[in-house]
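The block underneath contains the structure these notes are about, expressed in structure tokens.
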Amino acid sequence: VKIAVCVKHVPEQARKIDPETKRLDRSGEGAINPFDVHAVEEALKIKEARGGEVLIVTMGPAGAQDSVRKALAMGADEALLITDDAAAGSDLVATTNALAAALEKEGADLILFGQQAGDSDGAVLWAAVADRLRLPVISQVAELEVSYGKVRGKRQTEFGYDLIEAPVPAILAVSDAINEPRYPSLKGIMGARSKPQRTVTLSELGVESDGVGESGSKTTVVALSDPPPRGDTVKIEDDGSGAERIVEFIVERKLI
Amino acid sequence: VATLVFLEHHENELLKPSLGVLSKAAQLDQDVTGVVLGSGVKELASQAGEFGAAKVLVVDKPELEAPLPQPRVDALAGIVSDRGFETVLFAASVLSADVAAGLSARLQAGLNWDLTDLVEQDGGLVGKRPALGDSVYVDVGWSTEPRLALIRAGTFDPDPKTRSVEASVEELDAQFEDFSTAATMVEQAHAESEGPSIEDADVIVAGGRGLGAPENFKLVEELAQALGGAVAATRAVVDAGWYPYATQVGQTGKTVSPKLYIACGISGAIQHKVGMQSSGVIVAINKDPNAPIFEYSDLGVVGDLNEIVPKLTELVRQRRS
Numbered sequence: 004v005k006i007a008v009c010v011k012h013v014p015e016q017a018r019k020i021d022p023e024t025k026r027l028d029r030s031g032e033g034a035i036n037p038f039d040v041h042a043v044e045e046a047l048k049i050k051e052a053r054g055g056e057v058l059i060v061t062m063g064p065a066g067a068q069d070s071v072r073k074a075l076a077m078g079a080d081e082a083l084l085i086t087d088d089a090a091a092g093s094d095l096v097a098t099t100n101a102l103a104a105a106l107e108k109e110g111a112d113l114i115l116f117g118q119q120a121g122d123s124d125g126a127v128l129w130a131a132v133a134d135r136l137r138l139p140v141i142s143q144v145a146e147l148e149v150s151y152g153k154v155r156g157k158r159q160t161e162f163g164y165d166l167i168e169a170p171v172p173a174i175l176a177v178s179d180a181i182n183e184p185r186y187p188s189l190k191g192i193m194g195a196r197s198k199p200q201r202t203v204t205l206s207e208l209g210v211e212s213d214g215v216g217e218s219g220s221k222t223t224v225v226a227l228s229d230p231p232p233r234g235d236t237v238k239i240e241d242d243g244s245g246a247e248r249i250v251e252f253i254v255e256r257k258l259i
Numbered sequence: 030v031a032t033l034v035f036l037e038h039h040e041n042e043l044l045k046p047s048l049g050v051l052s053k054a055a056q057l058d059q060d061v062t063g064v065v066l067g068s069g070v071k072e073l074a075s076q077a078g079e080f081g082a083a084k085v086l087v088v089d090k091p092e093l094e095a096p097l098p099q100p101r102v103d104a105l106a107g108i109v110s111d112r113g114f115e116t117v118l119f120a121a122s123v124l125s126a127d128v129a130a131g132l133s134a135r136l137q138a139g140l141n142w143d144l145t146d147l148v149e150q151d152g153g154l155v156g157k158r159p160a161l162g163d164s165v166y167v168d169v170g171w172s173t174e175p176r177l178a179l180i181r182a183g184t185f186d187p188d189p190k191t192r193s194v195e196a197s198v199e200e201l202d203a204q205f206e207d208f209s210t211a212a213t214m215v216e217q218a219h220a221e222s223e224g225p226s227i228e229d230a231d232v233i234v235a236g237g238r239g240l241g242a243p244e245n246f247k248l249v250e251e252l253a254q255a256l257g258g259a260v261a262a263t264r265a266v267v268d269a270g271w272y273p274y275a276t277q278v279g280q281t282g283k284t285v286s287p288k289l290y291i292a293c294g295i296s297g298a299i300q301h302k303v304g305m306q307s308s309g310v311i312v313a314i315n316k317d318p319n320a321p322i323f324e325y326s327d328l329g330v331v332g333d334l335n336e337i338v339p340k341l342t343e344l345v346r347q348r349r350s
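First to last, the protein sequences are chains A and B. Note that the working numbering has the first sequence beginning at 4, numbered continuously upward. Note that the working numbering has the second sequence beginning at 30, numbered continuously upward.
Put into structure tokens, the structure is as follows:
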């Protein structure tokens, strides 16, 4: 089974939006989107059970190598980084154009995504990529079963769990409850460096420059503003009186 | 402005979040169209009139029986292109997010998600999106039509007095791509009906992964019992099988607004927040001082819930006895 896992490199902390470009500031330290680690783990489990190879695919600045390396250290076999200055500022449509072009060339049997992007809160990319690649998609998968030529996913919705089956090749977005991701071993970390890591530009993928980046995007950011005030929030350290403080607080508000 | 609203349904009822978006759309555009996609759903269409639809389009086909996204993308792509809709609105759900995203790729149409408001501005449409854990509000727009938007669930209430005239209903055909019908429903979820609903409770005590083990839910249950409240859970612990799905609060669970919400061992990620942020008073107990839940709790206690919660239960019992 050839499994491609799409991962995103997201800013680790002090997240803010650049008031000039109105884009997320990606200049600081980054890390692999925590939701995507579950997709990497699931791919490795499938590989261990059925054989095959795991390819990590990401699109982002050169710093995204860090996220790729973490996935390789966990046990993935190789990585493909789509990196191109022209891709900066891509929205869903533009990202889909670039990512789908890369995935089409790789021709994986299964394409896995994490449940959402930790920075943009987006939970949409897999369904867009599936439409572009003309493949079936199952999202919010809390349990996955791979058998010969087909997959079965248990999907959580607002009404409970659905069981959905799709032929391979297929696209799956897995929930963070699907597994407990492994930590990379020392051997894994050392070995990651020698694994194949390819870099491609948009022109190498045959993606027109007007289909990506800001020019390929169909959404815009008009303005930024502060959120409405939240009201008072009180945070205390429990010094043994935490329970008493809570009782006082709710009694004052006549909630008991 | 020619707005189309995707009307999601389950077990023969149009869903409230969809009707809420419909009512909102009717405020912005007198001539809103709703669309119902399914099998055996013709009867549902006329229900949408009072909530604001001037017209309801129905595609009634066996391919649309299961709540799967891809055949819906096919049906909607045809409708939006043929009729020239400029705006397509969805109330966010697992299904509608996948439908909207697929449609975005198919029509090369911009999609903005997680919107909590829509306003007309300078002749265009602007969406309000709380971002980065709601720490900044982003005004988002579209550079082309059609414009696609996913509205955060529970943002708008359905208003059954939006229109007094019944909607006109028109049935349409649809063509389906082979790949769109490749995924099939083996077993479909049904709404659970056992036990009282947490949506009606005045007090909710909720537990998350920070409880450490399923058996620790008894701490939460005891506190809820002492307060005369209900027990709720996060998606993480429901997916892990610690607690039943019917008690899940959040994006893919229930939306609750009790007078008092006590969150035990819940980090408060956006997925959970959207389901409980309108609670009257929020109290959080968590050992991680950086947990996002502290940013929107009225009272946050950083500490070990294994010590605080039993003590709290005891104090509440004393006070009530």
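For every residue, glycine included, the Cβ atom is placed at its ideal position computed from N, Cα and C. Remember, it's a predicted structure, so these values are computed and weren't measured experimentally.
Where residue i and residue j are concerned, what is the direct C-alpha to C-alpha distance, given to the nearest angstrom?
i: P46/B; j: A203/B; result: 25 angstroms
i: I322/B; j: G304/B; result: 13 angstroms
i: G245/A; j: E255/A; result: 15 angstroms
i: A160/B; j: D146/B; result: 13 angstroms
i: E223/B; j: A52/A; result: Because the pLDDT at E223/B is just 49, under 50, the model does not fix this residue reliably, and the point stays unresolved.
i: V109/B; j: I167/A; result: 28 angstroms
i: L147/A; j: A76/A; result: 23 angstroms
i: G237/B; j: T202/A; result: 40 angstroms
i: A89/A; j: S212/A; result: 7 angstroms
i: N41/B; j: V65/B; result: 11 angstroms
i: A169/A; j: V96/A; result: 25 angstroms
i: E15/A; j: P318/B; result: 17 angstroms
i: Q277/B; j: P243/B; result: 15 angstroms
i: D122/A; j: V249/B; result: 31 angstroms
i: V194/B; j: K71/B; result: 18 angstroms
i: V34/B; j: A55/B; result: 10 angstroms
i: D29/B; j: G49/B; result: No statement about residue 29/B is possible, as the shown extent of chain B runs from 30 to 350 and does not include it.
i: I291/B; j: A235/B; result: 6 angstroms
i: L261/A; j: T213/B; result: Coverage of chain A is limited to positions 4 through 259, which leaves residue 261/A absent and any answer about it impossible.
i: L36/B; j: L43/B; result: 7 angstroms
Any beta carbon from chain A within less than 8 angstroms of residue i's own beta carbon?
i: E325/B; result: The displayed chain sequence assigns Tyr, not Glu, to residue 325/B. Cβ-Cβ to chain A under 8 angstroms: yes for Y325/B.
i: G139/B; result: yes
i: H301/B; result: no
i: A104/B; result: no
i: V155/B; result: yes
i: Q59/B; result: no
i: P98/B; result: yes
i: E223/B; result: Because the pLDDT at E223/B is just 49, under 50, the model does not fix this residue reliably, and the value given afterwards should be weighed accordingly. No, because no Cβ of chain A sits closer than 8 angstroms to the Cβ of E223/B.
i: I337/B; result: yes
i: P189/B; result: no
i: Y274/B; result: yes
i: W142/B; result: yes
Would you check if the distance between the CB atom of residue i and the CB atom of residue j is smaller than 8 angstroms?
i: I239/A; j: V155/B; result: no
i: G63/B; j: L51/B; result: yes
i: I295/B; j: D124/A; result: no
i: G31/A; j: H12/A; result: no
i: A182/B; j: S133/B; result: no
i: P189/B; j: V117/B; result: no
i: I20/A; j: V165/B; result: yes
i: Q200/A; j: A105/A; result: no
i: L73/B; j: H39/B; result: no
i: P287/B; j: V198/B; result: no
Hey, does residue i have any beta-carbon neighbour from chain B nearer than 8 angstroms?
i: L166/A; result: yes
i: V225/A; result: yes
i: I253/A; result: yes
i: K11/A; result: no
i: I85/A; result: no
i: E247/A; result: yes
i: A105/A; result: no
Name, in chain order, the residues that DSSP records as bridge partners for residue i.
i: E200/B; result: V87/B
i: T173/B; result: According to DSSP, T173/B bridges with nothing at all.
i: S164/B; result: Looking at the DSSP assignment, S164/B forms no beta bridge with any residue, so it has no partner.
i: M214/B; result: I167/A
i: V13/A; result: A34/A
i: H38/B; result: L43/B
Could one say the Cβ of residue i lies closer than 8 angstroms to chain D's Cβ atoms, at least one of them?
i: A101/A; result: Looking at the structure shown, chain D is missing, and the protein chains on hand are A and B.
Beta strand (DSSP E) segments (min. 3 residues) lying fully within the stretch 117-157 of chain A: 140-150
Contiguous beta strand (DSSP E) assignments of at least 3 residues, all confined to the stretch 136-160 of chain B: 140-144, 146-150, 153-160
3 or more residues per run - each beta strand (DSSP E) lying fully within the stretch 264-296 of chain B: 289-293
Continuous alpha helix (DSSP H) assignments of at least 4 residues falling wholly in the stretch 158-218 of chain A: 189-195
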